[in-house]
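There are 2 protein chains.
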Amino acid sequence: MKKEFIQPGDSPAGGGGVSGENEQDILAGYMFDILDSLSQYGAGAPGEGITRLLYSPAWLEAQLFLAERMRAAGLEVRFDRVGNLYGRLQGSEPGRPVVAAGSHVDTVKQGGKYDGALGIAASLAAVSYLKECYGVPKRTLEVVSFCEEEGSRFPFAYWGSGSVTGERDLQRYGSIRDGAGVTLQEAMEQAGFGRAEQADPLRRDLGAYLELHIEQGIMLEREGADIGIVETIVGQRRYTAQVTGETNHAGTTPMRMRSDALAGAAEMVVALERMALEEGPPLVATVGRLEVSPNTSNVIPGRVSFSLDIRHESGEKLQGFCGRMSEAFAGLAAARGLKLELQLQLATAPAPMDAGLGGRLERLCSSRGISCRRMVSGAGHDAQLLAAVCPAAMLFVPSRGGISHAPEEYTAPEHLARGTELLAALLRELAYGDNDEQKGER
Amino acid sequence: MKKEFIQPGDSPAGGGGVSGENEQDILAGYMFDILDSLSQYGAGAPGEGITRLLYSPAWLEAQLFLAERMRAAGLEVRFDRVGNLYGRLQGSEPGRPVVAAGSHVDTVKQGGKYDGALGIAASLAAVSYLKECYGVPKRTLEVVSFCEEEGSRFPFAYWGSGSVTGERDLQRYGSIRDGAGVTLQEAMEQAGFGRAEQADPLRRDLGAYLELHIEQGIMLEREGADIGIVETIVGQRRYTAQVTGETNHAGTTPMRMRSDALAGAAEMVVALERMALEEGPPLVATVGRLEVSPNTSNVIPGRVSFSLDIRHESGEKLQGFCGRMSEAFAGLAAARGLKLELQLQLATAPAPMDAGLGGRLERLCSSRGISCRRMVSGAGHDAQLLAAVCPAAMLFVPSRGGISHAPEEYTAPEHLARGTELLAALLRELAYGDNDEQKGER
């Protein structure tokens with residue numbers, strides 16, 4: 001069999017790769033086939049991208065397609081109670097914790113082909129291929145297709161991985177409604193999940209979680225790097241700000257007698273950007289949503305509501321910045337006699353990825369002559385939840401133009417193949433390697 | 001008969017009024033009765049104000065009610081082809097141009113009881129009372145209830161007075177649609193207008209137009225003045241600005257790599273306010289409407305559209321300010337690499353009111369001990385269109401808290417009565433006075 005494939009460290013010095021072209025092509029071919037097939041589910045008209053909202057018919061068809069592919073690869077297939085899908089390759093040393101790899105199957109509305117899907121396709125391709133090449137692993141390998149990560153149907157995210165780690169549960173989230181008034185519980189049941197006899201999503205047997213994902217940013221492309229090794233997923237705070245002034249006639253109210261909520265909010269938007277630039281990278285601060293009331297051209301706005309999204313890899317710096325922001329906003333509102341309400345909507349701590357796994361990835365890149373860089377993930381991912389219960393690693397491949405959450409999302413085939421190769425190589429080390437290589441195990 | 005009523009200049013020096021309490025009360029009683037009755041048409045549930053959109057059933061009922069009241073007062077009643085309503089008291093010197101007074105019968109959505117309605121009620125009360133007191137006038141008097149001024153149903157304003165002066169016509173405006181897709185022509189026909197045999201709205205026989213209106217601003221209240229005599233109705237420019245940047249991920253796009261349309265638009269909003277404060281009164285500049293795309297909390301806005309409403313009594317200063325604003329905005333956009341499109345939506349020139357009529361009003365106030373101030377109207381009114389074809393005058397009465405276009409719109413009864421008294425006094429001078437008092441005639 002193809003034993004020479006993805007063997008680490010056996011390349012001639014300076015060699016451009018380890019395995020024969022042929023073996024890499026076979027692995028990549030598996031991945032492309034799954035990725036392309038998966039992109040049919042939820043596809044809209046040309047230009048409309050892919051929409052697979054949690055528990056929708058397109059979502060269910062995608063999960064059933066993946067289950068079928070897992071079965072065809074000889075994996076044991078199961079869904080848990082919330083609709084997470086697993087394909088399992090039982091190891092020969094059953095006492096040892098499971099090595100899992102995957103990502104999420106749901107998409108944003110009119111999203112792209114790669115976000116989430118790549119991580120599932122690459123993991124299933126890799127495990128299928130490892131099984132063919134090396135047979136039974138020492139540690140059990142699992143491919144996971146998490147049911148939800150995006151928060152695009154219900155107003156919260158990480159339902160899939162959060163159910164696995166215990167961060168999310170039905171008791172708290174089951175009654176939350178989507179835009180059409182359907183509860184999570186109802187939607188889940190309509191899709192065939194939520195039944196008592198189905199497996200509890202909570203897991204305590206995981207020993208590692210690996211996730212390959214598109215970067216969704218422009219750093220790798222700008223620096224010409226093939227692979228990003230994530231050191232930390234940023235912490236995030238989301239607020240809603242409400243500024244209240246006084247609605248008045250745009251023609252008859254002199255400038256000095258106004259209490260203009262939009263002028264005040266605009267000053268806050270400008271101040272936030274200036275503060276973020278002063279703070280410097282990796283802090284980012286964004287006002288993405290802003291709504292004006294009554295929003296009529298000849299009426300001075302009496303109320304403005306806007307969102308705040310602040311991220312940093314350091315929890316302490318994130319907290320410090322948000323404190324200074326609150327103070328600055330309060331000062332701007334007071335100077336204008338406006339009322340300001342700032343409501344914290346979400347606070348996640350920064351999630352460091354496992355240093356041991358990161359080191360392995362770096363060595364695997366180096367031995368293959370693949371250019372990589374350590375980086376911070378500004379986007380949230382399932383791996384940040386898994387990192388709370390087992391060593392976790394994330395690999396990024398470049399996103400063309402940094403574009404994501406849009407039909408134009410694109411990653412070049414050679415980057416997809418290189419990411420899949422690295423994922424497979426690390427899975428092999430962890431599941432087939434010698435005991436002394438399992439230092440990351442806990 | 002009550003000849004002593006509203007006789008100018010016959011008061012004892014420093015006297016608090018001319019006419020007996022009784023006569024003033026009778027005139028005010030007429031006005032209150034019409035105003036209160038009119039407010040029943042289009043009245044919503046408590047707190048929802050009054051809605052009489054052009055050609056709606058409530059609007060038609062209001063016009064028919066007013067026609068009935070005009071008839072009952074012994075006036076000749078007619079509608080023109082677009083639905084303007086006239087009540088005419090024929091003068092004894094038929095060659096001389098008509099003295100008209102009135103306002104508009106339509107309202108904004110959920111508007112107040114006084115905007116437009118006061119001017120009609122006061123004019124009808126005054127002409128009825130003058131007829132009772134003095135019989136046939138020398139010059140013909142007309143009460144007018146213009147069909148539309150607010151621009152609340154169709155996306156343009158001054159349909160009533162503009163049809164009278166020739167500024168608006170069916171050929172250009174008939175095919176414009178309301179929010180439900182109904183054209184102006186269709187709506188007009190459904191209300192029973194637009195028929196060829198109905199009178200052409202265009203008039204060339206007007207010699208003066210008087211309009212009593214609520215201030216819709218806070219100046220009179222602040223200064224404790226009873227009456228505002230409008231010198232000029234401001235010129236106005238409305239623009240739509242569209243700022244285009246680049247939609248991007250709020251987490252993965254560093255601050256320095258952003259092309260944030262909202263941050264740019266916010267800078268423009270702040271700059272506009274600063275420039276307007278520097279320019280000083282009576283310039284006002286307002287961003288009342290602002291829309292963000294895609295308007296999602298975790299996405300950097302790629303596009304922002306907003307409205308600009310700039311007003312000044314001097315056409316030259318208005319133009320100069322708008323030019324500097326365009327330059328400033330272009331500079332802000334260029335500095336950020338944003339695309340800016342600025343589209344002029346509306347440009348009206350300042351409309352000076354007739355100085356002779358203004359002087360008469362001032363003398364009438366003075367002889368009655370009524371406190372008045374000359375002022376600029378920041379809001380647009382029918383009088384600004386009429387001013388293009390005949391001498392026009394506007395009187396303002398105070399608006400409590402400056403609030404208008406809302407159910408909370410309120411003017412105290414004594415102010416309503418005082419405004420009506422002045423209107424009647426000026427109508428009497430113009431229509432019943434000696435020839436040598438008609439210097440404003442043209």
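Protein chains in written order, with full-length UniProt numbering: chain A, 1 to 442; chain B, 1 to 442.
Where is the CB? At the ideal position from N, CA and C, for every residue including glycine.
Predicted model, so just to flag it, every value in this text is computed and none were measured.
- Item | Inter-residue Cα distance where the pair is V166/B and R373/B | Stepping through the second sequence from its first residue, residue 166/B is reached at position 166. Stepping through the second sequence from its first residue, residue 373/B is reached at position 373. The question names Val, but residue 166/B in the sequence shown is Gly. Cα to Cα, the separation comes out at about 32 Å.
- Query: Using CA coordinates, which residue listed in A208/B, Q110/B, R177/B is at the minimum distance from A392/B?
  - Reply: In the second sequence, the residue the question calls residue 392/B occupies position 392. Out of A208/B, Q110/B, R177/B, A208/B has the C-alpha closest to the C-alpha of A392/B.
- Item | Spatial distance of A333/A from V243/A (CA atoms) | Counting from one through the first sequence, the residue named residue 333/A turns up at place 333. Counting from one through the first sequence, the residue named residue 243/A turns up at place 243. Their Cα atoms are separated by approximately 8 Å.
- Message: By the DSSP assignment, the beta strand (DSSP E) with I229/B in it spans what residues?
- Response: For this step, residue 229/B is matched to residue 229 along the second sequence. First-last of the beta strand (DSSP E) with I229/B: 227 to 233.
- Query: How would you label N84/B, buried or exposed, when you count the other beta carbons within 10 angstroms and need 16 or more for buried?
  - Reply: Here the question's residue 84/B lines up with position 84 in the second sequence. Looking at its Cβ environment, which holds 16 or more other Cβ atoms inside 10 Å, N84/B is buried.
- Item | N248/B, buried or exposed, once every other Cβ within 10 Å from all chains shown has been counted against 16 | Taking the first residue of the second sequence as position 1, residue 248/B is located at position 248. By the 10 Å Cβ count, N248/B comes out buried.
- Message: For N295/A and G42/B, what's the separation of their Cα atoms in angstroms?
- Response: One-based indexing of the first sequence puts residue 295/A at position 295. One-based indexing of the second sequence puts residue 42/B at position 42. If I take the Cα positions, the gap works out to 24 Å.
- Task: On the DSSP bridge assignment, give the partners of residue 457/A in chain order.
- Result: No statement about residue 457/A is possible, as the shown extent of chain A runs from 1 to 442 and does not include it.
- Item | Residue environment, L283/A, which counts as buried when at least 16 other CB atoms sit within 10 Å | The residue you call residue 283/A lines up with position 283 of the first sequence. Classification for L283/A: buried.
- Per DSSP, what kind of secondary structure is G44/A in: helix, strand or coil? By 1-based counting over the first sequence, the position of residue 44/A is 44. In the structure shown, G44/A sits in coil (DSSP, three-state: anything other than H, G, I, E or B).
- Query: Where does the unbroken beta strand (DSSP E) through C372/A begin, and where does it stop?
  - Reply: As a first step, residue 372/A must be located in the first sequence, where it is residue number 372. Residues 372 to 377.
- Can a CB atom of chain A be found closer than 8 Å to the CB of T244/B? Locating residue 244/B in the second sequence gives position 244, counting from the first residue. Judged by the 8 Å Cβ criterion, T244/B is not in contact with chain A.
- DSSP state of V105/B, grouped into three classes? Taking the second sequence and counting its residues from 1, one reaches residue 105/B at position 105. Coil, per DSSP.
- Task: Check Q345/A in the structure and name its three-state DSSP category.
- Result: Here residue 345/A refers to the residue found at position 345 when the first sequence is read from its first residue. Looking at Q345/A - three-state DSSP - the assignment turns out to be strand.
- Of the choices E186/B, G74/B, E223/B, V299/B, whose alpha-carbon is the least far from that of H405/A? Position 405 of the first sequence, counted from the start, is the residue given in the question as residue 405/A. For H405/A, the nearest C-alpha among the options comes from V299/B.
- Message: With distance defined between alpha-carbon atoms, name the residue in V77/A, P201/A, S56/A, C147/A nearest to V164/A.
- Response: Along the first sequence, read from residue 1 onward, the residue named residue 164/A stands at position 164. Comparing Cα positions, the closest option is P201/A.
- State the start and end residues of the unbroken alpha helix (DSSP H) segment that holds F65/B. Residue mapping note: residue 65/B aligns to position 65 of the second sequence, counting from 1. F65/B -> alpha helix (DSSP H) spans 57 to 72.
- Query: Comparing the C-beta of S293/A with each C-beta of chain B, is any distance below 8 Å?
  - Reply: Along the first sequence, one-based indexing puts residue 293/A at 293. It does not: the Cβ of S293/A has no partner Cβ on chain B nearer than 8 Å.
- Query: Relative to chain B, which residues along the region 34 to 62 of chain A have a C-beta separation below 9 Å, given in chain order?
  - Reply: none
- Label D382/B either buried or exposed according to how many other C-beta atoms from any shown protein chain fall within 10 Å of its C-beta, with 16 as the threshold for buried. Reading the second sequence from its first residue, position 382 is the one you call residue 382/B. Counting Cβ neighbours within 10 Å, D382/B comes out buried, since at least 16 surround it.
- Residue of G217/B, V105/B, G181/B, S92/B minimising C-alpha distance to A379/B: Along the second sequence, read from residue 1 onward, the residue named residue 379/B stands at position 379. Of G217/B, V105/B, G181/B, S92/B, the residue nearest in Cα terms is G217/B.
- Item | P137/B at chain A interface by Cβ criterion, 8 Å | In the second sequence, the residue the question calls residue 137/B occupies position 137. Taking Cβ atoms only, chain A never reaches closer than 8 Å to P137/B, which makes this a no.
- May I ask which residues mark the beginning and end of the beta strand (DSSP E) holding E223/B? Here residue 223/B refers to the residue found at position 223 of the second sequence. Element bounds for E223/B: not the beta strand (DSSP E) but the alpha helix (DSSP H), 219 to 223.
- Query: Out of curiosity, what's the CA-to-CA distance linking L327/B and Y410/A?
  - Reply: Against the second sequence, residue 327/B aligns to sequence position 327. Against the first sequence, residue 410/A aligns to sequence position 410. Just to set this straight, residue 327/B is Glu in the shown sequence, not Leu. Near 38 Å, if we compare the C-alpha coordinates of Y410/A and E327/B.
- Alpha-carbon spacing of L364/B relative to V98/B, whole angstroms: Locating residue 364/B in the second sequence gives position 364, counting from the first residue. Locating residue 98/B in the second sequence gives position 98, counting from the first residue. Rounded to whole angstroms, L364/B to V98/B spans 21 Å at the Cα level.
- Task: Report all residues from its chain with a CB closer than 6 Å to the CB of P352/B; omit the five preceding and five following residues, and keep chain order.
- Result: Taking the second sequence and counting its residues from 1, one reaches residue 352/B at position 352. Closer than 6 Å at Cβ, skipping near neighbours: T232.
- C-alpha distance - L130/A paired with L395/A, whole-angstrom precision: Along the first sequence, read from residue 1 onward, the residue named residue 130/A stands at position 130. Along the first sequence, read from residue 1 onward, the residue named residue 395/A stands at position 395. Their backbone Cα atoms lie some 19 Å apart in a straight line.
- Task: Specify the secondary structure class of H213/B as computed by DSSP and reduced to three states.
- Result: The residue given as residue 213/B occupies position 213 in the second sequence. DSSP places H213/B in strand when its eight states are reduced to three.
- Candidates L426/A, G337/A, G419/A, Q345/A: which alpha carbon is nearest G356/A's? On the first sequence, residue 356/A is found 356 positions in, with the first residue counted as 1. For G356/A, the nearest C-alpha among the options comes from L426/A.
- Task: Please confirm if the region 180 to 195 of chain A is in contact with the region 66 to 85 of chain A, defined as three or more CB-CB distances below 8 Å between the two stretches.
- Result: yes
- Task: Using a threshold of 8 Å, state whether the C-beta atoms of G235/B and A387/B are closer than that.
- Result: As a working mapping, residue 235/B is identified with position 235 in the second sequence. As a working mapping, residue 387/B is identified with position 387 in the second sequence. In this structure, A387/B does not lie closer than 8 Å to G235/B by Cβ.
- Message: For M255/A and A330/B, I'd like the C-alpha separation in whole angstroms.
- Response: Along the first sequence, read from residue 1 onward, the residue named residue 255/A stands at position 255. Along the second sequence, read from residue 1 onward, the residue named residue 330/B stands at position 330. Approximately 23 Å between the Cα atoms of the pair.
- Task: Closer than 9 Å by beta-carbon distance: list the chain A residues that pair up with P281/B, in chain order.
- Result: Working through the second sequence from its first residue, we reach residue 281/B at position 281. Neighbours of P281/B on chain A, chain order: P254, M255, R256.
- With burial defined as no fewer than 16 other Cβ atoms inside 10 Å of the residue's Cβ, what is the status of G14/B: buried or exposed? Mapped onto the second sequence, residue 14/B falls at position 14. Summary for G14/B: the model assigns pLDDT 33, below 50, so the residue's position carries little reliability; its value from the coordinates is reported in the next sentence. Exposed, by the Cβ-count rule.
- Alpha carbon of E4/B to alpha carbon of D115/B, nearest angstrom: The residue given as residue 4/B occupies position 4 in the second sequence. The residue given as residue 115/B occupies position 115 in the second sequence. Confidence at E4/B is low in this model, with a pLDDT of 42, below 50, so the placement of that residue should be treated as unreliable; the coordinate-derived value is given next. The alpha-carbon atoms of E4/B and D115/B are separated by roughly 31 Å.
- Counting only the same chain and skipping the five closest in sequence on each side, list residues whose C-beta sits under 6 Å from that of V182/A. Counted from its first residue, the first sequence places residue 182/A at position 182. Nothing listed; no residue qualifies.
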